[in-house]
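Protein chains in written order, with our numbering: chain V, 1 to 170; chain U, 171 to 885; chain A, 886 to 985; chain W, 986 to 1496.
These notes concern the structure reproduced below.
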Amino acid sequence: MLIDWIIFFGLAVVAIASGIGLLLSKNAIYAALNLIANFTAVAIFYLILAAPFIALAQIAVYAGAIMVLFLFVIMLLGAERLGGTSTLRWQRPLAIVLGLILIVETVLVFINRSGAIAPIVEVTADFGSPAAIGESLFSTYLLPFEVISVLLLAAMIGAIVLTRRRDQKA
Amino acid sequence: MFFEEAVSSGPQFFNLVPWIVFFPVIGLLFNIFFGGRILERSRAGEKIVGGVASLAAGLSFLVSVLLAISLNGHPEGMVVPLADWINIGELNIRWAFQVDTLSVTMMLVVSGVGTLIHIYAIGYMHEDVRHNGDPGRFRRFFVFMNLFIAAMMILVSGDNYMMLFVGWEGVGLCSYLLIGFWYEKGKDGIGNALAAKKAMVTNRIGDFGFLLAAFTIFWTFGTFKFHAIFEKAPEVAVANPGALLFITICLLIGVTGKSAQLPLYVWLPDAMAGPTPVSALIHAATMVTAGVYLVARSAEIYVLVPTAQFWVTLVGSVTALFAATIAVGQFDIKKVLAYSTISQLGFMVAAVGMGAFVAGMFHLVTHAFFKALLFLSSGSVIQGLERGHHHVEHDPKLKKQLKGHAHDFDPQDMRNMGGLRERMKITYWVYLIGAIALAGIPPLAGFWSKDEILADASKEFSWAYTLLTLAAIFTAFYMTRQILMVFFGKARTPAAEHAEESPLVVTAPLMILAVLSFFGGLINLPFDGFHQFAHWLEHTLGEYAHPGEFILVVALLSTGLALVSLALGWWLYNPRRYEEFWAIPAARRPDDPLRSYIGPIYEALKNKYWVDELYWAVFLNPYIDLSRFLADVIDWRFWHDWFHDRVIMGGYNLLTRLLAIRIDLGGIDAAANGLAVLTQRVAERLRQVQTGYVRNYALSIFVGVVIILGYLLLR
Amino acid sequence: MVPIQYYTALSAILFTIGALGVLTRRNAIIVFMSVELMLNSANLVFVAFARSFQSINGQVFVFFVMAVAAAEVAVGLALIVAIFRSKHNINIDQINNLRG
Amino acid sequence: MNSLLNNLLQPLTLVTFFPLVGVLIILFLKQEQKNAARWVALITSLITFGLSLVVLAYFNPSYPDLQEVINLPWIPIAQWEIRYYLGVDGLSILLLLLTTLLTPISILSTWTAVEDRVKDFMLFFLLLEVGMVGVFLAQDLFLFYIFWEFTLVPMYFLIGIWGGPRRMYAAVKFFLYTMAGSILMLLAILWLGIYQGSFQVPDLIAKGGIPANLQIWLFLAFAAAFAIKVPMWPLHSWLPDAHVEAPTAGSVILAGVLLKMGTYGFVRFNLPLFPQAAVQLAPWMAVLAVIGILYGAAVSYAQKDVKKLVAYSSVSHLGFVMLGIFALNSQGVQGGILQMVNHGLSTGALFLIVGMIYERRHTRDMDAFGGLWKVMPIYGALTLIVALSSMGLPGLNGFVGEFTILLGSWGAGQPGGPLGSHWYAGLAAIGVILAAVYILLMFQKMFLGPVTKDENRNLKDLNWREIITLLPLLILIFWIGLYPKPFFVLMAPAVDKLVAALQTAVVAGVP
């Protein structure tokens, strides 16, 4: 269907553009805003791909919580812009060349191996629903799920310890 | 008809028997938990604490009497099981009480004499704890005494060898605790503790024999129960005589330990370090007779093994004479009695060895009376002397007379006594009764029991008869010597001069015991119709409890010899002669009149034939040396320091050094060094790669990704 | 429905952009954001393949990745704050204490 | 997933790993929070003791085989499988209880004795408990080996950090010595796994069929590890060093539990796995045991350091245990197992007692004491009870063990029995005399006689904490002495089965 293609390309353009915006913006705040746009676009892709729960999580966690945290830190430090010059000037052209090679390679991979990918078929209505994901999380992936919770706790404690001031000790 | 009558012919209290143990245990628990507070709070505290302990022993006696009454109607007795103890496979040891005439006899003696001694101790310990400067220990004494009664009751009432052994060890423990009661006193402050240890260890050697006997009993008979064993014994005697011989000889080792026979008697004289009531109860009247009880109890095994009987008789009679001779050379009032005890125990052991079980048990009973009496009276004498000494020390006028030797005054040395007859009248009279009973002068108790042993010996064991008669002669002699030195003549020290008689609580038990010592023989006169004790024991010992005969020749001879010996004693130690002897200046005076006549022999007697020294030289010192040698040289210097630290560790060090210097440094190291240098140089270059910039590292990862992906594509 | 290949291609492009961001930018925070972008592109492929294979597992993995990313951001930003405190700068080119 | 958790959360797993909870909590404490660390360790170990009582409650004494089994696959390698296999039976239940009882007692004893790095101390102590409990419960040889070696590490640190002046020497010696023996055991375990195809003890026992000459080598390889741990004469050289240098609580655990791991190993592995070798080598093991009894007793007598005296007395006491085990009959083995417990109680209590006086006087030289009974009457009375228990007085626990052991070995000495001579039991019984000699010497030197040193005049008697530390041990000392039946009942079926298996194996093995 044409509308699919239109939406896809439209969103793809937004995603890539915002990505490039991130890459090029001098100001960290702009970079962050670009990234939010990017995340939102990707979230819509998730919706299309029958992953409503993930999409919402993407908006809430990434575009919401994480990016707010970024912005918060940027403003807290007042480090939107960087002065000085780069010590690794030679790296930039090299990186661009390598990036292009990577894209070419990836595209080649999919051209060569596209036969291995199954054609898309319709899925049932509850595919990717929060219920389905929850069921999977609390049965097959129970242990990893618990481990993740410990990891988050550890990260939280780690963040607190790292940002504590020296003189607050003892 | 007749049977029914027998069953209903009297009250039955057999099921009360556990209380003979429980009462003393309750008493000691009471004193452990409340005694201390009572002593602190109440003026009459000592009377309460001692009273409770005496009451506990007394109730135990009451139960024993009830049991005896029951036995009158039901002479076959009863086994009263209480609890299981150890059960493994066929091994089944239980705590059960054997109530029969033999055990009840022992119960009566133990609790009866025990109660009297408890009462006596209330008065005695009152002074003793003050004299030794620790009144708080009053309670501990009665706790231990009650514990002893309980253990002794377990010993005599068990229905199997293991319960007997439990009591056997229990009384040993009490003996240890009570000998070492004043553990900070004695020679060099440690003498009493050493005496206690000696008693325990020597007894352990005896217990070793007992244990081996127990093992053999179990693996031969499959049980420890007396009745089951005795039933099977005749079969085993045919099938496996070696086992029975081994059992009986090993039990004899146990007997020599507990009943202070040769060669393990050495602990008993030292045991006099304990307070005098202890010496009376444990080391004269009851505990030391446990060995005699053991042989009597095992009568049905012993009669099957003549060899063992021979050895028991030999040990007993030799000990009787041996100890009696040593008693002649002692100056300590309690030591004399101690050796006398050993000697009298020898009589009993010899008797039960000969198969004269009734005579042995009879002597056990009478001996319990008169020897307890003698010890308690000696305690009265000692405290009388201490009171005198105290009096002198606190009277400035008299104190001057004491001069230098005030501190090392020994209230037990008979040479410090003399003339106490006047100052301690009751003590004198009861002591005299005890001494005459011991010397075997008719019609006192000692005469009848001793005579029965001699009469039995004269029939088959003439050599034993000879030894025992000689021992009896010495007995009369040393008792005469003691009486004369203690009570007659003039006081030889100010302390003796001011000695005071003991209070009623001390003298009352003495008088009761004196009566018993006087009339105790009545329970088993050797005339037809008077053999009550023999008939009593017949219910337990059966055919082996033959009533004693009265052999006029034997009786006349022993009495005559005793009188001769008494006269000899009088001749040597009569007051006039002894005062003359005492008047000789100390430097030239021999320590005893007897020395002038038998010189070196007397030295040997006085030094107890140097047996202690011999044991030290032959067993103890070598063992100490051996253990030091093992510990220092073998275990530490050789095995620990040399072998492990030097040989193994040093050897390993040497090996590593060899490897390190020769092989490693010479060969491998050179190569390795070269390699190291190379590595270092390469590293010098390579480290420049480590720029420390995150982006650099990221770049290299990225390059890697691109390359790997490219490889996958081109593959 | 757009075939999965397109999603993967898009994902590859986003990934490369992110990688370039990491490689070329000096601002630590932007570097961080680029890392997030890379993670996101990977998530996109996960979800796309989950759709294609009709397996929920891919989505669950995305969930886990998000959780890890959240943890990583928390610690990472804390590190940046700590570094800023000591160096008063978040230029990662000035942080090379590990230089060999 | 759920079923796995259900399988794991069984009493045995809980009792083994519960101390880790305490470890986790202690990890979050600061070094300065000494009392918190102590309380956490104490409560954790008390809960572990409670859990072991739960194990006891589930235990069926009339069933001879392993109970409350947890048997889960763990590491599969090719055709072999190493399994997470825990179980308890009559041979191990008492030792499990002993371990979980002694740990809180030891922790309580360190209350004031350890002031330095309390947090780390408690950490290692709880880890040690995990290892010890695991050793007594593991039924897979590999799992057993892991727990066995694991106990070394915390003990190494306990000696090496909180020990006396020569602690590093002692710690290293302890570690190397025990390690050396274990290596041989590991080889034997591997042999069994490769040629018998299993690491699970019950499977191996059921399979059997190892040729007699090989059995001897395997027996010796296992025995090397166990005999060093026991320690049997002449492999005891590490013991005095380790005991003297270890802190009090370390000594208590070392004597109370770690040594038992050796004797337990003989009962659990050597006898049932290599029955023919056990029968063949029994006289040799008994010879070493008897030498150990007499040698340990003689060497104890010459010691001046009271802790060393107690250490050497362990050599003597464990000689009795070994003699009982190699009597290979019910009385001997049951007595041996009970004597393991007894030794844990009596010697554990003796080490506590030594620790208490050391804390007050900072010396262990017996000549520095004398007359302490007068100064510290409660201390004296309690010590007397423990000492009497150690020398085997009837009515206290030591006698029940020693007597049954000697009775058993005397029976084994009958013609046709495994030992074949009465000399073993006869000579061992001399050890009973010698025990009295050295114990009484110790008591006399420390407690009797007058107070000669001024430092001793004003010593404080035991406080409530110290009395409570000793109280459970004393209660058990009396309990086992007066009424040992419940203890024998627990182990009887398992031991009878073991002994019966030994006898059939002997009959089958002898042509």
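All C-beta atoms, glycine included, are put in the ideal place defined by N, C-alpha and C.
Fair warning: this is a prediction, and the values are worked out from it, not measured in the lab.
Straight-line Cα distance separating residue j from residue i
i, j, result
"residue 303/U", "residue 296/U", "11 Å"
"residue 1056/W", "residue 1080/W", "21 Å"
"residue 1066/W", "residue 1184/W", "7 Å"
"residue 670/U", "residue 594/U", "6 Å"
"residue 822/U", "residue 1334/W", "38 Å"
"residue 339/U", "residue 741/U", "45 Å"
"residue 995/A", "residue 873/U", "Summary: the structure shown does not reach residue 995/A, with chain A confined to residues 886 through 985, and so no result is reported for it."
"residue 1376/W", "residue 1095/W", "27 Å"
"residue 411/U", "residue 401/U", "15 Å"
"residue 1250/W", "residue 1238/W", "17 Å"
"residue 611/U", "residue 642/U", "11 Å"
"residue 1090/W", "residue 1454/W", "6 Å"
"residue 614/U", "residue 391/U", "44 Å"
"residue 624/U", "residue 800/U", "51 Å"
"residue 1362/W", "residue 1129/W", "45 Å"
"residue 1231/W", "residue 1156/W", "8 Å"
"residue 1039/W", "residue 1045/W", "12 Å"
"residue 976/A", "residue 1086/W", "60 Å"
"residue 71/V", "residue 37/V", "14 Å"
Interface partners of residue i on chain A, CB under 9 Å
i, result
"residue 4/V", "886 and 887"
Element boundaries [alpha helix (DSSP H), containing residue i]
i, result
"residue 651/U", "632-657"
"residue 19/V", "2-24"
"residue 1469/W", "Segment: none, residue 1469/W is in no alpha helix (DSSP H) and carries neither H nor E."
"residue 1058/W", "Looking at the DSSP string, residue 1058/W is not in any alpha helix (DSSP H); the run it does join, the beta strand (DSSP E), is 1052-1062."
"residue 441/U", "Segment: none, residue 441/U is in no alpha helix (DSSP H) and carries neither H nor E."
"residue 705/U", "702-711"
"residue 517/U", "503-524"
Listed by chain order, chain A residues near residue i by CB distance under 7 Å
i, result
"residue 844/U", "Within 7 Å Cβ-Cβ: nothing; residue 844/U doesn't reach chain A, min ~23 Å."
"residue 864/U", "977"
Start-to-end residues for the beta strand (DSSP E) that takes in residue i
i, result
"residue 1065/W", "1065-1073"
"residue 248/U", "248-258"
"residue 1134/W", "Not the beta strand (DSSP E): residue 1134/W falls in the alpha helix (DSSP H), residues 1126-1135."
"residue 261/U", "261-269"
Partners in chain W for residue i, counting only beta-carbon separations shorter than 9 Å
i, result
"residue 405/U", "Within chain W, no residue comes near residue 405/U; the closest Cβ sits about 18 Å away, beyond 9 Å."
Cross-chain neighbours of residue i in chain V, by beta carbon under 9 Å
i, result
"residue 873/U", "94 and 98"
Contacts that residue i makes with chain V (C-beta to C-beta distance below 7 Å)
i, result
"residue 908/A", "91 and 95"
Can you give, in chain order, each stretch of the alpha helix (DSSP H) that sits fully within the stretch 1203-1232 of chain W and has at least 4 residues?
1223-1230
Quick check: the stretch 317-332 of chain U against the stretch 269-286 of chain U, are at least 3 beta-carbon pairs closer than 8 Å?
yes
Whole runs of the alpha helix (DSSP H) within the stretch 917-985 of chain A, excluding any shorter than 4 residues:
942-972
Inspect the CB distances between the stretch 556-567 of chain U and the stretch 664-683 of chain U and report whether three or more fall short of 8 Å.
yes
Note down, one range per segment and in chain order, each alpha helix (DSSP H) of at least 4 residues found wholly within the stretch 748-810 of chain U.
765-776, 781-785 and 791-798
Taking contact to mean at least 3 C-beta pairs separated by less than 8 Å, is the stretch 307-325 of chain U in contact with the stretch 1345-1353 of chain W?
no
So does the stretch 1195-1207 of chain W actually touch the stretch 1100-1110 of chain W, counting three or more Cβ pairs closer than 8 Å?
no
At least three beta-carbon pairs within less than 8 Å, the stretch 381-400 of chain U to the stretch 1464-1476 of chain W:
no
Is it the case that the stretch 1427-1434 of chain W contacts the stretch 350-358 of chain U, given that we only count it when at least three CB pairs across the two stretches are under 8 Å?
yes
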